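Participant: Residue numbering for the sequence shown follows my numbering, starting at 91 and increasing by one per position.
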Amino acid sequence: MASGSNVWVAYIRRPTSQLETLKIDHDFLSQDLYSYLKCHCPYLSRLAFYIEPYGNVDPLVNTLAAFDQDGALPITSLSITANLMVANRLTSSLNKWFPRVRQLDLSCFDIGRATNNNFCVDLNQMNLSYLSLDLGRFFESNNNTPSASVVALQVVTPQNSTTLWYQIEDEKWKTDKRNVLKNGIHLINVPAAVKQENQMLSDTTIVITVKELLELVGFLAYH
Numbered sequence: 091m092a093s094g095s096n097v098w099v100a101y102i103r104r105p106t107s108q109l110e111t112l113k114i115d116h117d118f119l120s121q122d123l124y125s126y127l128k129c130h131c132p133y134l135s136r137l138a139f140y141i142e143p144y145g146n147v148d149p150l151v152n153t154l155a156a157f158d159q160d161g162a163l164p165i166t167s168l169s170i171t172a173n174l175m176v177a178n179r180l181t182s183s184l185n186k187w188f189p190r191v192r193q194l195d196l197s198c199f200d201i202g203r204a205t206n207n208n209f210c211v212d213l214n215q216m217n218l219s220y221l222s223l224d225l226g227r228f229f230e231s232n233n234n235t236p237s238a239s240v241v242a243l244q245v246v247t248p249q250n251s252t253t254l255w256y257q258i259e260d261e262k263w264k265t266d267k268r269n270v271l272k273n274g275i276h277l278i279n280v281p282a283a284v285k286q287e288n289q290m291l292s293d294t295t296i297v298i299t300v301k302e303l304l305e306l307v308g309f310l311a312y313h
């Protein structure tokens with residue numbers, strides 16, 4: 091370069107979006123869009139998915155599974171609206187895909203169509219302050235499936251290998267320390283393992299399983 095020439099160096103700043111909340115149909119969240127949001131939307135903290143009835147969740151699951159926890163979006167509030175026959179494929183890995191979530195709203199998730207009335211949300215290592223579920227669908231009867239009449243909450247703590255069962259009685263959560271099942275008008279003592287198996291296979295019992303929940307300040311179960 092000739093002496094006395096001026097050299098101009100242009101620094102192009104990466105565009106940064108002020109986007110904080112995103113509501114999106116699950117079909118639109120591709121890996122390219124996910125990468126763009128991660129790179130250009132540092133303030134994005136609230137995410138809401140809508141999944142159409144009979145929608146294919148494979149593309150969404152593949153997109154979310156392509157990013158590890160270090161590369162996950164900094165989402166702290168997550169809401170899912172869906173009408174799916176099998177919900178567990180999507181909800182069982184939320185702790186891996188959204189490790190920073192503090193508020194989890196599944197109140198618009200049609201969990202009434204979960205296989206065998208069993209719905210699992212893996213909350214392992216999630217430090218939730220708010221969890222919302224809508225159990226109303228489980229109580230709606232149709233021509234093929236009887237409506238649910240019992241709600242049971244199973245809290246599993248792997249660290250000390252303990253399992254607590256709670257059951258709704260008189261519209262209130264009550265602990266079931268005696269491990270009893272109602273058979274007609276009688277109460278019978280049964281081993282905990284037998285009780286759990288019976289409840290998990292029952293068509294008229296809702297079983298909510300919570301595994302190693304670190305902190306839960308608010309829990310709403312609509313029914």
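The C-beta atom is built at its ideal place from N, Cα and C for all residues, glycine as well. Please read these numbers as outputs of a predicted model, since none were measured by experiment.
Determine the burial state of SER182: buried for a count of at least 16 other Cβ atoms within 10 Å of its Cβ, exposed for fewer.
Facilitator: As a first step, residue 182 must be located in the sequence shown, where it is residue number 92. Per the 10 Å Cβ criterion, exposed.
Participant: Quick check on ASN152: buried or exposed, where buried means 16 or more other Cβ atoms within 10 Å of its Cβ?
Facilitator: Locating residue 152 in the sequence shown gives position 62, counting from the first residue. It counts as exposed.
Participant: Between the alpha carbons of TYR220 and GLN193, how many angstroms are there, rounded?
Facilitator: As a position in the sequence shown, residue 220 is number 130, starting the count at 1. As a position in the sequence shown, residue 193 is number 103, starting the count at 1. Computed Cα separation, rounded: 5 Å.
Participant: What are the start and end residues of the beta strand (DSSP E) that includes LEU213?
Facilitator: As a position in the sequence shown, residue 213 is number 123, starting the count at 1. Where LEU213 is concerned, there is no enclosing beta strand (DSSP E), given that its DSSP letter is neither H nor E.
Participant: If you compare alpha carbons, which of VAL211, GLN108, SER107, TYR140 is closest to LEU119?
Facilitator: Locating residue 119 in the sequence shown gives position 29, where the first residue counts as 1. When each option's Cα is compared against that of LEU119, the closest is TYR140.
Participant: Are the CB atoms of PHE188 and LEU213 within a distance shorter than 8 Å?
Facilitator: As a first step, residue 213 must be located in the sequence shown, where it is residue number 123. As a first step, residue 188 must be located in the sequence shown, where it is residue number 98. Against a cut-off of 8 Å, the Cβ pair of PHE188 and LEU213 comes out as no contact.
Participant: For ILE170, is the beta carbon positioned less than 7 Å from some heavy atom of the ligand FAD?
Facilitator: The ligand content of the structure shown is nil, which means the ligand FAD is not present either.
Participant: Report yes if the CB atom of THR171 is closer than 8 Å to the CB atom of CYS198, and no otherwise.
Facilitator: One-based indexing of the sequence shown puts residue 171 at position 81. One-based indexing of the sequence shown puts residue 198 at position 108. Yes; because the gap between Cβ atoms is below 8 Å, this pair is in contact.
Participant: Hey, out of VAL191, GLN121, THR299, LEU134, whose CA is closest to LEU154's CA?
Facilitator: Within the sequence shown, the letter at position 64 stands for residue 154. Of the listed residues, the one whose Cα sits closest to LEU154 is GLN121.
Participant: Give the straight-line distance between the Cα atoms of LEU127 and LEU163, rounded to the nearest whole angstrom.
Facilitator: For the purposes of this step, residue 127 is identified with residue 37 of the sequence shown, where counting begins at 1. For the purposes of this step, residue 163 is identified with residue 73 of the sequence shown, where counting begins at 1. When rounded, the distance between both Cα atoms is 8 Å.
Participant: Let's see if you can read the secondary structure: which residues bound the beta strand (DSSP E) around ASP115?
Facilitator: Locating residue 115 in the sequence shown gives position 25, where the first residue counts as 1. First-last of the beta strand (DSSP E) with ASP115: 111–115.
Participant: In its own chain, which residues sit with a C-beta less than 6 Å from the C-beta of LYS113, not counting the 5 before and 5 after it?
Facilitator: To locate residue 113, count along the sequence shown from 1; it is residue 23. Around LYS113: ALA138.
Participant: Relative to the C-alpha of ASN185, which candidate in GLN159, LEU196, ASP195 has its C-alpha closest?
Facilitator: The residue you call residue 185 lines up with position 95 of the sequence shown. Among GLN159, LEU196, ASP195, the Cα nearest to that of ASN185 is on GLN159.
Participant: Report the rounded CA-to-CA distance for VAL297 versus CYS129, giving the unit in angstroms.
Facilitator: On the sequence shown, position 207 is the one that residue 297 refers to. On the sequence shown, position 39 is the one that residue 129 refers to. Those two C-alpha atoms are separated by around 40 Å.
Participant: Does the CB of VAL297 have a neighbour CB from chain D at under 8 Å?
Facilitator: Protein chains in the displayed structure number just one, and chain D is not present.
Participant: On the DSSP letters alone, give me the boundaries of the alpha helix (DSSP H) that ALA119 sits inside.
Facilitator: Here residue 119 is taken as the residue at index 29 of the sequence shown, counted from 1. According to the sequence provided, residue 119 is Leu. The question's Ala does not apply to it. Looking at the DSSP string, LEU119 is not in any alpha helix (DSSP H), and its letter there is neither H nor E.
Participant: Name the two residues that bound the continuous beta strand (DSSP E) containing ALA138.
Facilitator: Reading the sequence shown from its first residue, position 48 is the one you call residue 138. Taken as a continuous stretch (DSSP letters only), the beta strand (DSSP E) holding ALA138 covers 136–141.
Participant: Given a threshold of 16 other Cβ atoms within 10 Å of its Cβ, counted over all protein chains shown, does LEU196 qualify as buried or as exposed?
Facilitator: For the purposes of this step, residue 196 is taken as residue 106 along the sequence shown, with counting starting at 1. By the neighbour-count rule (16 or more Cβ atoms within 10 Å), LEU196 is buried.
Participant: For the putative contact between THR145 and HIS116, defined by C-beta atoms under 8 Å, what is the C-beta separation to the nearest angstrom?
Facilitator: Here residue 145 corresponds to residue number 55 of the sequence shown, with the count starting at 1. Here residue 116 corresponds to residue number 26 of the sequence shown, with the count starting at 1. Note that residue 145 corresponds to Gly in the displayed sequence, not to Thr. With 8 Å as the limit, GLY145 and HIS116 qualify as a contact, their Cβ atoms being about 6 Å apart.
Participant: Let me know the secondary structure DSSP gives TYR133 once reduced to three states.
Facilitator: Here residue 133 is taken as the residue at index 43 of the sequence shown, counted from 1. TYR133: coil per DSSP, three-state reduction.
Participant: Verify whether the separation of the beta carbon atoms of VAL147 and LEU180 is less than 8 Å.
Facilitator: Here residue 147 corresponds to residue number 57 of the sequence shown, with the count starting at 1. Here residue 180 corresponds to residue number 90 of the sequence shown, with the count starting at 1. Result yes, Cβ atoms of VAL147 and LEU180 sit closer than 8 Å.
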